[in-house]
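The numbering of the sequence shown is numbering that gives the first Met the number 0, which starts it at 0 and goes up by one.
For glycine and all other residues, C-beta sits at the position ideal for the given N, C-alpha and C.
Since we're looking at a predicted model, the values are computed, not measured.
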Amino acid sequence: MGPGPSDVPQRILEAMARPTIGHLDPAFSTMMEETKALLRYAFQTENKLTFPVSGPGSVGMEMCFVNLVEPGDKVIVCVNGVFGGRMVENVKRTGGIAVVVEDAWGTPADPAKVAAAFAANPDAKLLAFVHAETSTGAQSDAAALAAVAGRHGALTIMDCVTSLAGTPVLVDEWGIDAAYSGSQKCLSCTPGIAPVTFGERAVAKVRARKTPVQSWFMDLNLVLGYWSGEGKRTYHHTAPINPLYGLHEALRMLAEEGLEAAWARHRAMHEKLRDGLETLGLGFVVAEAARLPQLNSVYIPAGVDDGAARSRLINEFNLEIGAGLGALSGKIWRIGLMGYSARQGNVDYCLKAVKAVVG
Ligand SMILES: *Cc1c(COP(=O)(O)O)cnc(C)c1O
């Protein structure tokens, strides 16, 4: 019950144990098409260019930045935790100019500050933000942030690694141009696959680049030949066949449950965990309105040793929870309720274990 990877259901592990076929096999192509359609459902988008990148969520992040940022492009980046900081690094390494809009860790990105940054930088071409900051448990208002970018004609890159399938992610309704996620958080698959989606404006920007994408592997123009163009797929790289079986199964499970039901389950489990933790005297880091149900960050009670308590949880209870990062290290715990981990038995077990180590 840490900040990912989440528990992987047996059904997904069994799907991954199927025989490895060729990545250009017609049966594999059929599965790829199904996976793309299921991902469009998960992202709530009609974007044709929606597919799973071979690599962890961080590769999904790089895929967005290396393709959409050209040297000299100004990018407004919201930073309210670890992952926003990584976006800044991505902008710099692609030769872009990062305009950082900072908010305190544990609070959402402020759309008013973003509007002020656009007013001061009318030449900014992109806005990048993290929808669900896993380092703190805060969720930002993606619709409001994207609306500000839209008013300034800028494209948006959204990190929805932790939000996808846990809380609403509405790529088309919000007007997001590029988004990336990960397989191991609320999708409850094994790590190593990054679902991504790119809208038409994003694809047009990539096609109109004056400089080639610095990364050969992540160049969308080349990957496109592999993931689109049915019947005429060409070799680009060898896809991770078995992990993709797993993702396909995870997405089928999501479609069977239904997105709304999955969101409601995460919320209901969070409320049970919250009530129990508050009864034990643990206070939440993030204000109710911005709190992620799938990532519960709570202050470690006074007098409780962080390392010793988490060691006991692992050794005596076989339960992993996350530590605080950066300035919050040693001060908070991050308890994940992601995907298959968000279930009643886990909540009850976690409360029992936490009670034993803080009591
Ligand atoms: C986990 C996470 C990532 C990185 O995903 P990896 O699969 O670990 O590379 C990026 N952004 C956020 C918000 C995350 O929670």
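Residues bridged to S28 [DSSP beta-bridge criterion]
Position 29 of the sequence shown, counted from the first residue, corresponds to residue 28. Per DSSP, none; premise fails for S28.
Taking the beta strand (DSSP E) that R333 falls in, what are its first and last residues?
For the purposes of this step, residue 333 is identified with residue 334 of the sequence shown, where counting begins at 1. Per DSSP, R333 belongs to the beta strand (DSSP E) from I331 to G335.
Could you tell me whether any non-hydrogen atom of ligand 1 is closer than 7 angstroms to the CB of S57?
As a position in the sequence shown, residue 57 is number 58, starting the count at 1. Yes - ligand 1 has a heavy atom lying nearer than 7 angstroms to the Cβ of S57.
Backbone CA spacing between G335 and S187 [nearest angstrom]
In the sequence shown, the residue the question calls residue 335 occupies position 336. In the sequence shown, the residue the question calls residue 187 occupies position 188. For the pair G335 and S187, the Cα-to-Cα distance works out to about 12 angstroms.
Would you kindly work out how many angstroms separate the C-alpha atoms of I175 and V87, rounded to a whole number?
Position 176 of the sequence shown, counted from the first residue, corresponds to residue 175. Position 88 of the sequence shown, counted from the first residue, corresponds to residue 87. If I take the Cα positions, the gap works out to 19 angstroms.
Where L312 and C349 are concerned, what is the direct C-alpha to C-alpha distance, given to the nearest angstrom?
For the purposes of this step, residue 312 is identified with residue 313 of the sequence shown, where counting begins at 1. For the purposes of this step, residue 349 is identified with residue 350 of the sequence shown, where counting begins at 1. Taking C-alpha positions only, L312 is separated from C349 by approximately 9 angstroms.
Hey, which unbroken runs of the beta strand (DSSP E) at 3 residues or more fall wholly within the segment 165-191?
177-179
Rounded to a whole number of angstroms, what is the C-alpha to C-alpha distance between K204 and A177?
Residue numbering aside, residue 204 sits at position 205 when the sequence shown is read from its first letter. Residue numbering aside, residue 177 sits at position 178 when the sequence shown is read from its first letter. In a straight line, the C-alpha of K204 is about 11 angstroms away from that of A177.
Would you identify the three-state DSSP class for Y298, choosing helix, strand or coil?
Numbered from its first residue, the sequence shown carries residue 298 at position 299. Three-state DSSP puts Y298 in a strand.
Please name the residue, chosen from N120, F197 and H247, that lies closest to R10 on a Cα-to-Cα basis.
In the sequence shown, residue 10 corresponds to position 11, counting from 1. Of N120, F197 and H247, the residue nearest in Cα terms is H247.
Does the beta-carbon of K363 have 16 or more other beta-carbons within 10 angstroms, so that it is buried, or is it exposed?
This structure leaves residue 363 out entirely; the chain is present only between 0 and 358.
Checking the sheet assignment: what are the DSSP bridge partners for A193?
If you number the sequence shown from 1, residue 193 lands on position 194. Paired residues: V52.
Identify the continuous alpha helix (DSSP H) that holds I96 and give its terminal residues.
What you label residue 96 is simply residue 97 of the sequence shown in a count that begins at 1. Counting along the chain, I96 falls outside any alpha helix (DSSP H), though it belongs to the beta strand (DSSP E) covering I96 to E101.
Considering only their Cβ atoms, is the gap separating L12 from R363 smaller than 8 angstroms?
Since the first residue shown for the chain is 0 and the last is 358, residue 363 is missing from the structure and cannot be characterised.
Closer than 7 angstroms to a non-hydrogen atom of ligand 1 - does that hold for the CB of M60?
Within the sequence shown, the letter at position 61 stands for residue 60. Within the cutoff, so yes.
Given a cut-off of 8 angstroms, decide if M60 and Y225 are closer than it, judged by their beta-carbon atoms.
Indexing the sequence shown from 1 puts residue 225 at position 226. Indexing the sequence shown from 1 puts residue 60 at position 61. Taking 8 angstroms as the Cβ cut-off, Y225 and M60 do not qualify as a contacting pair.
Closer than 7 angstroms to a non-hydrogen atom of ligand 1 - does that hold for the CB of Q183?
Counting from one through the sequence shown, the residue named residue 183 turns up at place 184. Yes, the Cβ of Q183 comes within 7 angstroms of a heavy atom of ligand 1.
For I96, collect the residues of the same chain with a Cβ closer than 8 angstroms to its Cβ; drop the 5 residues on either side in sequence, then sort them by chain order.
Start at 1 with the first residue of the sequence shown, and residue 96 comes out as number 97. Excluding positions up to five away in sequence, the list reads G71, D72, K73, V74 and V90.
Express the C-alpha separation of L324 and V81 in angstroms, rounding to a whole number.
As a working mapping, residue 81 is identified with position 82 in the sequence shown. As a working mapping, residue 324 is identified with position 325 in the sequence shown. Near 8 angstroms, if we compare the C-alpha coordinates of L324 and V81.
Taking the beta carbon of Y244 as the centre, do at least 16 other beta carbons fall within 10 Å, making it buried, or is it exposed?
Residue numbering aside, residue 244 sits at position 245 when the sequence shown is read from its first letter. By the beta-carbon neighbour count (other beta carbons within 10 angstroms, threshold 16), Y244 is buried.
In the DSSP output, which residue or residues are listed as bridge partners for Q363?
Because the chain is modelled from 0 through 358, residue 363 falls outside the range shown and cannot be assessed.
To the nearest angstrom, how far is it from the Cα of A254 to the Cα of G302?
By 1-based counting over the sequence shown, the position of residue 254 is 255. By 1-based counting over the sequence shown, the position of residue 302 is 303. Roughly 45 angstroms separates the two Cα atoms.
Near R264, what residues of its chain come up, given a Cβ to Cβ distance below 7 angstroms and the 5 sequence neighbours on each side ignored?
Counted from its first residue, the sequence shown places residue 264 at position 265. These residues qualify, in order along the chain: A341.
Classify K351 as helix, strand or coil using the three-state DSSP reduction.
Indexing the sequence shown from 1 puts residue 351 at position 352. K351: helix per DSSP, three-state reduction.
Run through DSSP, which three-state label would F117 get?
For the purposes of this step, residue 117 is taken as residue 118 along the sequence shown, with counting starting at 1. F117: helix per DSSP, three-state reduction.
Are the beta-carbon atoms belonging to T135 and G165 less than 8 angstroms from one another?
Position 136 of the sequence shown, counted from the start, is the residue given in the question as residue 135. Position 166 of the sequence shown, counted from the start, is the residue given in the question as residue 165. Not closer than 8 angstroms, so no.
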